[in-house]
Amino acid sequence: MAFMREIEWRRMKSDGLLENILDVDKNWICLNKKATLKSSRDSKDGVDKEITSLQAEVENAKVETEATVRQLNGVESEVKTLRSMTQRMILTQKEMEEVVLKRCWLARYWGLATKYGKLLSGLASLFSSFGGWIMASLLGMTNKSF
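With full-length UniProt numbering applied, the sequence shown corresponds to residues 1 to 146, in that order.
(1) Quick check on DSSP: helix, strand or coil for leucine 31?
(2) Can you tell me whether DSSP reads leucine 91 as helix, strand or coil?
(3) Quick one, are the C-beta atoms of valine 99 and leucine 91 less than 8 Å apart?
(4) Can you look up phenylalanine 146 in the DSSP assignment and give me helix, strand or coil?
(5) I need the straight-line Cα distance from lysine 94 to glutamine 71, nearest angstrom please.
(6) Output the distance between the C-alpha atoms of aspartate 48 and aspartate 42, rounded to the nearest integer angstrom.
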């Protein structure tokens, strides 16, 4: 069997068929390698483009994150400010008693001032020194009563 192959091999070699077969195989191998290299280069270019796109998305996400963190810090400082303001707005028991006494005092003397009209102008300037909004509300109430 091996002898027959050797004879056939020599005959193909003498006819030039073996060289043609080897040339075809070489050409096919070269074309296959070129196609593989081209497809790998194309896929590498696609991967490079995808990597560049992902890097741009990461940069955009970083910028958005930094802006969000800055906004969060601003909101936190506003919350702290509002907390301190509301704590200042909440009166203690002693302060509430003081406010009630002052309102009662103002109401009593305002009632007397409206009762005695000639004293109104002098007392109005006195009461206005205690607070503008209290004076405005009391004047509004007296105007409604007349």
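The beta carbon of each residue, even a glycine, is placed where N, CA and C say it ideally should be.
Reading it off the structure:
(1) Residue state, collapsed to three classes: helix.
(2) Coil.
(3) At a Cβ-Cβ threshold of 8 Å, valine 99 and leucine 91 count as neighbours.
(4) Interpretation of phenylalanine 146 is limited by its pLDDT of 46, a score under 50 that renders its predicted location unreliable; no figure is taken from the coordinates.
(5) As the crow flies, the alpha-carbon of lysine 94 is around 39 Å from that of glutamine 71.
(6) About 10 Å.
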